[in-house]
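Residue numbers (our numbering): 7 to 260.
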């Protein structure tokens with residue numbers, strides 16, 4: 007175990023990344039637990055409102071991310087200072103992405119349907135960092151041999167082709183597949199060849215006069231949403247808490 011830890015984590019300089027990921031996940035979990043307690047009126051925790059201004063935890067998160075990020079750049083990938091800076095950055099990133107929806111909408115949507123974007127951002131970020139720790143490199147050049155690494159033409163070609171796949175998947179509305187595809191080229195390829203989401207820029211541009219393709223895209227999107235919307239919402243509610251249920255407007259009087 008000691009040899010594996012040294013050869014795969016310490017020697018390649020992945021220990022700070024592992025510490026940052028651990029701090030990121032733990033910070034998100036603890037923050038969600040505290041906010042759920044505040045929401046339920048339980049425990050000693052309360053919102054911080056000096057002078058009547060609600061200080062969201064994204065504020066200290068930004069400060070910690072800046073301090074930890076610059077510290078990590080200055081300290082390198084080895085040593086105690088690099089580990090401390092990685093933890094500080096992970097804590098700050100966890101606080102910031104827990105309120106990703108607030109930054110996106112510029113509104114306090116933490117416990118609304120829009121607030122689910124924060125949970126999606128945290129899960130996606132943690133998954134990508136875990137892939138990097140597992141040995142994946144950006145744009146899928148991790149398996150290149152010494153000869154292939156020496157060939158700049160082949161390396162640049164790999165970059166360009168996979169980047170095109172990522173762009174196509176992104177314009178087809180396959181955002182998650184595009185992001186994961188930056189690390190796993192096969193995922194980007196699948197997103198690039200699949201039908202576009204009906205509301206995506208690709209569909210608006212290329213399916214405008216292709217009624218059959220537009221109908222197929224709408225039908226496939228509907229089936230996908232029906233199949234996965236429920237499990238995805240339950241998973242998000244499990245780790246992030248269920249949003250507020252807005253009551254329907256009262257029916258107009260006759």
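The C-beta atom is built at its ideal place from N, Cα and C for all residues, glycine as well.
Since the model is a prediction, treat every value here as computed from it, not as a measurement.
Please work out which residues of its chain come closer than 7 angstroms, Cβ to Cβ, to residue i, disregarding the five sequence neighbours upstream and downstream, and give them in chain order.
{"i": "residue 121", "result": "107, 115 and 249"}
{"i": "residue 172", "result": "184, 187, 188 and 194"}
{"i": "residue 242", "result": "122 and 125"}
{"i": "residue 89", "result": "21, 22 and 25"}
{"i": "residue 130", "result": "182 and 185"}
{"i": "residue 52", "result": "44"}
{"i": "residue 71", "result": "95, 98, 99 and 102"}
{"i": "residue 196", "result": "183"}
With a CB to CB cut of under 6 angstroms and the five nearest residues on each side skipped, what residues in its chain are close to residue i?
{"i": "residue 145", "result": "Confidence in residue 145 is poor, its pLDDT being 47 and thus under 50, which makes the residue's placement too unreliable to answer from."}
{"i": "residue 100", "result": "30, 33 and 34"}
{"i": "residue 135", "result": "27"}
{"i": "residue 61", "result": "54"}
{"i": "residue 67", "result": "98, 101 and 102"}
Use the C-beta contact count for residue i: other C-beta atoms within 10 angstroms, 16 or more gives buried, fewer gives exposed.
{"i": "residue 230", "result": "exposed"}
{"i": "residue 104", "result": "buried"}
{"i": "residue 95", "result": "buried"}
{"i": "residue 225", "result": "exposed"}
{"i": "residue 234", "result": "exposed"}
Kindly list the residues whose CB is nearer than 8 angstroms to the CB of residue i, restricted to its own chain and excluding five residues on each side of it in sequence; keep chain order.
{"i": "residue 213", "result": "202, 204, 219, 220 and 223"}
{"i": "residue 117", "result": "45, 247, 249 and 250"}
{"i": "residue 38", "result": "104, 245, 246 and 247"}
Indicate the three-state DSSP secondary structure (helix, strand or coil) for residue i in the structure shown.
{"i": "residue 105", "result": "coil"}
{"i": "residue 249", "result": "coil"}
{"i": "residue 204", "result": "coil"}
{"i": "residue 213", "result": "coil"}
{"i": "residue 240", "result": "helix"}
{"i": "residue 121", "result": "helix"}
{"i": "residue 182", "result": "helix"}
{"i": "residue 228", "result": "helix"}
Please indicate yes or no: does the CB of residue i lie closer than 7 angstroms to some heavy atom of the ligand FMN?
{"i": "residue 120", "result": "Looking at this structure, you won't find the ligand FMN or any other ligand, since it has none at all."}
>> If we require 3 or more residues per run, which beta strand (DSSP E) segments fall completely within the region 48-110?
In response: none
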